[in-house]
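Chemist: Heads up: the protein sequence lines correspond to chains D and A, in order. Residue 90 is where the first sequence starts when you use our numbering, and the numbers rise one by one after that. Residue 652 is where the second sequence starts when you use our numbering, and the numbers rise one by one after that. We put the beta carbon where it would ideally sit given N, CA and C, even for glycine. Every value quoted in this text rests on a predicted model; they were computed, and no experiment measured them.
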Amino acid sequence: MNRHLLAIRHLERPEIEALLSLAADFRDRVEAGKTVDSGRGRTVGLLFFENSTRTRVSFEQAANYLGMRTVNFSGAGSSMRKGETLRDTILTLRYERLEALVMRHPSSGSVRLAADHFGGPVVSAGDGQHEHPTQALGDALTILERKGSLDGLVVAIVGDVAHSRVARSNAWLLSKMGAEVRFVGPRTLIPSHTGKLPGTVYYDLRAGVADADVVMCLRLQKERMEEATLASVGEYRRLYQVTRGVLRSAAPDVMVMHPGPLNRGVELDDGAADSPASAITDQITNGIYVRMAALHWVFDGAAKPAAGAKK
Amino acid sequence: MKTVLKNGRVLDPSQDLDFVGSVVLEDAQIVEIGEEVDASGADSVMDCSGLWIAPGLVDMHTHLREPGEEHRETIRTGTQAAAAGGFTNVCCMPNTSPPLDNPALVDFILDRSASPDAGGIFVAPVGALTVGQKGQQLSDLAALRKAGVVAASDEGGPIQDAHVMMRAMEYCLQLDLPIMAHCDDRSLSQHGSMNEGAMSAMLGVPGIPRTAEEVMVMRNCLLSLNTGCRVHILRVSTWGAVEMVRQAKYLGAPVTCEICPHHFTLTEDAVDEFDVRFKTTPPLRTKVDVEILLQALSDGTIDCIASDHSPYAPHEVNVPFDEAPFGMVGLESTVGATLRLTHNGVLSPLETVRKLSTAPAEILRLDAGTLKANATPVAQITVIDPNLEWTFDVNRTFSKGKNSPFDGTTFRGKAVLTYCGGEVYRDPLFDDARSHIALA
């Protein structure tokens, strides 16, 4: 059986803890200038059917630190455009002797299909609107650095929850680790039935962030305005933009996060984005360490929890 | 040639008959049914004790895919699958390639289904309501009716424009041709792949709101009420849809509706892990819907059960969930899935047979659905073993389509003998010892 990292929903708390502690260990070693090199000789394919700069660079950096070689494929130049099915593309990569696959695809569930056919470990780099597990792991590592623990924290996830794989992965991870998750946004951007998602819904921003330890903003896609899900950017800004003023109702040591790319002045104003509360740049760097952990973990059937997940 | 089906439970909803007795066939016709029959001089006697003897089953909603989509199914494989599933009559839907919008294609289907290598059952084509099923210009429906279509439908691509649908109903009323309406407001459903609900929210799969179905059921019921055209609502799936049909019937609209086994058996929860076998339209709904749909089946609001047999080639379904086509095969699992309702007490044996045979035959005015002597062109009989336990295995089906949500499911109850003017299917599990007992 291959180990995959496809969705946080399927992980048990000890597995999440193992991944986070592995990531913390890699961070300490990389930042101390030590080599890690546990993946030397391995070749991993990066298969992106959606445009991505940040996540691909982050996985490449992670693979570099582990000593792995990477091979890049992008959706635009791929054989998919020539009529090949995803299954056949995955089989091709299997017989190109790639040992692991990092994949992003616009269809929810496609990473599961890839894992069923690839024959080696598959790591999700974004599964439609379903999950984005390494983003959630990086966010968790970032919160741990500042808060020491996830248990008992109140985390408000603000914005386009309905279409967000980041929101789903974070909700699962944080709730499994003992945090209270709130989904905050307009009715058109919150799923109409949230009974199978671990979080409570707030349509009012100030009520949703009240006493929150973490405020996590989601990226707002411009096409939401065209689909009649939102009135205008201006109206969204007035109702849901996280500002320094809004943060005054949160916990005094609240931290502010955003998975990027940030629409500055929409999801967050400058005051909140650049304040000491903002952890946005830490999220980027920690993304590398958790992706190292993910690539190491899928190859290492029994990941040994390294000591000291927390600083 | 005289054949006697002996000592079975004779179930004929067309005459409200439910008794233990026998059916006598002379050549290809039923000549007598009764508790005691004249079996003298019989060439063949089949002991049917413990079995149901029912009128041949009728599937109102089948996709035979021919012409144009023979990689999915052909008339030959589809009718063989139907015979194996206990059906002696199937209505084939017009969304072939090209669609069945002209009489020549109807002739083709009738010819092909009568050929010796087909399943030996009757095929009743459903004509396209509009040219090319584009929802704009009406097909030559009078010519189609003359060629033999039993209903008109735009099936999977339902007419969105209410004005076109109203005119279609007026026209079909004049022709006394029922319209089969798949109810789906595309502006609401177009981005979705599964029921909009807790499961779609969890999986991040764009949802199809129940309103997409209900708003069209309501529209079509009102148009039926106001035009007087007979309308058959295809595959209802929500409690709201059946409540609309109930109301329309109460108001006197000539409306009927069907349900498919997957809609009364499965819910959206089956889609977990993005299993494409559970993708269909309308989508699998919720437990509450299933409960109310079962009540509506039991109280008669839902008139009949249809398979919506929708075969696809394996390569078409081995794709990400949102790219996969909607639909599942059903001809060979419908009896098994429906008999669960009998065992659960939702339907009596007589009502079970009514939903699968007499009711669809009456809705479409087919010469079928009855065991009356000489009432149908040839005898159509399905013998069902209600207690036979068997496991549905797509690798052992006649259909080319293997996209079944019931693969691996163990059912209790199966059609073991299908007779349509002659024996067209005999199940290997049908105990040979009980058949062809020579008269001593």
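Pull out every residue of the stretch 959 to 993 of chain A whose Cβ sits closer than 8 Å to any Cβ of chain D, in chain order.
Modeler: For the stretch 959 to 993 of chain A, the set of positions with a beta-carbon nearer than 8 Å to some beta-carbon of chain D reads 966, 969, 970, 971, 972, 973, 974 in chain order.
Chemist: Can you have a look at residue 766/A and say buried or exposed, based on whether 16 or more other CB atoms are within 10 angstroms of its CB?
Modeler: Residue mapping note: residue 766/A aligns to position 115 of the second sequence, counting from 1. Burial call: exposed.
Chemist: Straight-line CA distance for residue 797/A to residue 791/A?
Modeler: As a working note, residue 797/A is residue 146 in the second sequence. As a working note, residue 791/A is residue 140 in the second sequence. About 10 Å.
Chemist: Among the residues of its own chain, which have a CB less than 6 Å from the CB of residue 1077/A, if the five just before and after it don't count?
Modeler: As a position in the second sequence, residue 1077/A is number 426, starting the count at 1. Here the set comprises 1068.
Chemist: Mind checking residue 940/A: buried by the 16 CB within 10 Å criterion, or exposed?
Modeler: Start at 1 with the first residue of the second sequence, and residue 940/A comes out as number 289. Residue 940/A should be labelled buried.
Chemist: Identify whether residue 1071/A lies in helix, strand or coil by the three-state DSSP scheme.
Modeler: As a first step, residue 1071/A is located in the second sequence; it is residue number 420 there, counting from the start. Of the three classes helix, strand and coil, the one that applies to residue 1071/A here is strand, per DSSP.
Chemist: Out of curiosity, what's the CA-to-CA distance linking residue 837/A and residue 388/D?
Modeler: Within the second sequence, the letter at position 186 stands for residue 837/A. Within the first sequence, the letter at position 299 stands for residue 388/D. Those two C-alpha atoms are separated by around 45 Å.
Chemist: Output the residue ranges of the beta strand (DSSP E) runs that lie fully inside the stretch 109 to 171 of chain D and measure 3 residues or longer, sorted by chain position.
Modeler: 132 to 137, 158 to 163
Chemist: Enumerate, from N- to C-terminal direction, the unbroken alpha helix (DSSP H) stretches of 4 or more residues contained entirely within the stretch 1003 to 1046 of chain A.
Modeler: Runs of the alpha helix (DSSP H) inside the stretch 1003 to 1046 of chain A: 1010 to 1015.
Chemist: Out of 831/A, 858/A, 873/A, which has the shortest C-alpha to C-alpha gap to residue 887/A?
Modeler: Looking up residue 887/A in the second sequence gives position 236. If we check each option's Cα against that of residue 887/A, 831/A comes out closest.
Chemist: Measure the C-alpha to C-alpha separation of residue 760/A and residue 898/A and round it to an integer number of angstroms.
Modeler: In the second sequence, residue 760/A corresponds to position 109, counting from 1. In the second sequence, residue 898/A corresponds to position 247, counting from 1. Cα to Cα, the separation comes out at about 37 Å.
Chemist: With a cut-off of 8 Å, does the C-beta of residue 285/D fall near any C-beta of chain A?
Modeler: Locating residue 285/D in the first sequence gives position 196, counting from the first residue. Closer than 8 Å: yes.
Chemist: Can you look up residue 888/A in the DSSP assignment and give me helix, strand or coil?
Modeler: The residue labelled residue 888/A in the question sits at position 237 within the second sequence. Taken through DSSP and simplified to helix, strand or coil, residue 888/A comes out as coil.
Chemist: Given a limit of 8 Å on CB to CB distance, which residues of the stretch 216 to 227 of chain D reach chain A?
Modeler: 216, 217, 218, 219, 220
Chemist: Report the residue ranges of all beta strand (DSSP E) runs contained in full by the stretch 177 to 230 of chain D; include only those spanning at least 3 residues, in chain order.
Modeler: With a minimum length of 3 residues, the continuous beta strand (DSSP E) runs that stay inside the stretch 177 to 230 of chain D are 189 to 194, 211 to 216.
Chemist: What residue range is occupied by the uninterrupted beta strand (DSSP E) comprising residue 680/A?
Modeler: Walking along the second sequence from the start, residue 680/A turns up at place 29. Element bounds for residue 680/A: 680 to 685.
Chemist: Tell me whether the stretch 1040 to 1047 of chain A and the stretch 1013 to 1030 of chain A touch, counting them as touching only if at least three CB pairs, one residue from each stretch, are closer than 8 Å.
Modeler: no
Chemist: Using the DSSP secondary-structure output, state which residues sit across from residue 703/A in a beta bridge.
Modeler: If you number the second sequence from 1, residue 703/A lands on position 52. Beta-bridge partners assigned by DSSP to residue 703/A: 660/A, 1035/A.
Chemist: According to a CB-to-CB cut-off of less than 8 Å, which residues of the stretch 170 to 199 of chain D neighbour chain A?
Modeler: Going along the stretch 170 to 199 of chain D in chain order, one finds 174, 175, 176, 194, 196, 197, 198, 199 with a Cβ nearer than 8 Å to chain A.
Chemist: Could you tell me whether the Cβ of residue 281/D comes closer than 8 Å to any Cβ of chain A?
Modeler: Against the first sequence, residue 281/D aligns to sequence position 192. Between residue 281/D and chain A, the shortest Cβ-Cβ separation is below 8 Å.
Chemist: Within its chain, find whatever has a CB closer than 7 Å to the CB of residue 91/D; leave out the 5 residues flanking it on each side and keep chain order.
Modeler: The sequence position of residue 91/D within the first sequence is 2, counting from 1. Taken in chain order, the residues that qualify are 209, 210.
Chemist: In chain A, which residues lie less than 7 Å from residue 202/D when you measure between Cβ atoms?
Modeler: Within the first sequence, numbered from 1, the residue matching residue 202/D stands at position 113. Those within 7 Å of residue 202/D in chain A are 971.
Chemist: Applying the criterion that 16 or more other CB atoms from any shown protein chain within 10 Å of the CB defines a buried residue, is residue 199/D buried or exposed?
Modeler: As a first step, residue 199/D is located in the first sequence; it is residue number 110 there, counting from the start. By the 10 Å Cβ count, residue 199/D comes out buried.
Chemist: At a cut of 8 Å, does the stretch 710 to 726 of chain A reach the stretch 960 to 974 of chain A through at least three beta carbon pairs?
Modeler: yes
Chemist: Any beta carbon of chain D sitting closer than 8 Å to that of residue 929/A?
Modeler: The count along the second sequence starts at 1 and reaches residue 929/A at position 278. So, not an interface residue.
Chemist: Quick one: is residue 937/A buried, meaning 16 or more other Cβ sit within 10 Å of its Cβ, or exposed?
Modeler: Walking along the second sequence from the start, residue 937/A turns up at place 286. Classification of residue 937/A: buried, given that the 10 Å Cβ count is 16 or more.
Chemist: Could you tell me which residues DSSP puts in a beta bridge with residue 816/A?
Modeler: By one-based count along the second sequence, residue 816/A stands at place 165. According to DSSP, residue 816/A bridges with nothing at all.
Chemist: Which same chain residues, not among the five before or five after residue 355/D, have their C-beta less than 8 Å away from its C-beta?
Modeler: Counting from 1 along the first sequence, the entry for residue 355/D is found at position 266. Within the same chain, and ignoring the five residues on either side of residue 355/D in sequence, the residues whose Cβ sits closer than 8 Å to its Cβ are 309, 322, 325, 326, 330.
Chemist: Use the C-beta contact count for residue 1124/A: other C-beta atoms within 10 angstroms, 16 or more gives buried, fewer gives exposed.
Modeler: No information on residue 1124/A is available, as it lies outside the stretch 652 to 1091 that chain A covers here.
Chemist: Ends of the alpha helix (DSSP H) at residue 371/D?
Modeler: Translated into positions along the first sequence, residue 371/D becomes position 282. Per DSSP, the continuous alpha helix (DSSP H) segment holding residue 371/D begins and ends at 369 to 388.
Chemist: Closest Cβ-Cβ distance between residue 257/D and chain A: below 8 Å?
Modeler: Reading the first sequence from its first residue, position 168 is the one you call residue 257/D. True, the Cβ-Cβ gap to chain A drops below 8 Å.
Chemist: By the three-class DSSP mapping on this structure, what secondary structure does residue 105/D have?
Modeler: Locating residue 105/D in the first sequence gives position 16, where the first residue counts as 1. Three-state DSSP puts residue 105/D in a helix.
Chemist: Who are the neighbours of residue 254/D on chain A, taking C-beta pairs under 7 Å?
Modeler: Residue numbering aside, residue 254/D sits at position 165 when the first sequence is read from its first letter. Correct list: 855.
Chemist: Span of the beta strand (DSSP E) holding residue 712/A?
Modeler: For the purposes of this step, residue 712/A is taken as residue 61 along the second sequence, with counting starting at 1. Run containing residue 712/A: 708 to 713, per the beta strand (DSSP E) assignment.
Chemist: Would you kindly work out how many angstroms separate the C-alpha atoms of residue 744/A and residue 800/A, rounded to a whole number?
Modeler: For the purposes of this step, residue 744/A is identified with residue 93 of the second sequence, where counting begins at 1. For the purposes of this step, residue 800/A is identified with residue 149 of the second sequence, where counting begins at 1. Straight-line spacing of the CA atoms in residue 744/A and residue 800/A works out to 10 Å.
Chemist: Could you pull out every unbroken alpha helix (DSSP H) segment of at least 4 residues lying fully inside the stretch 801 to 866 of chain A, listed in chain order?
Modeler: 813 to 826, 837 to 840, 849 to 854
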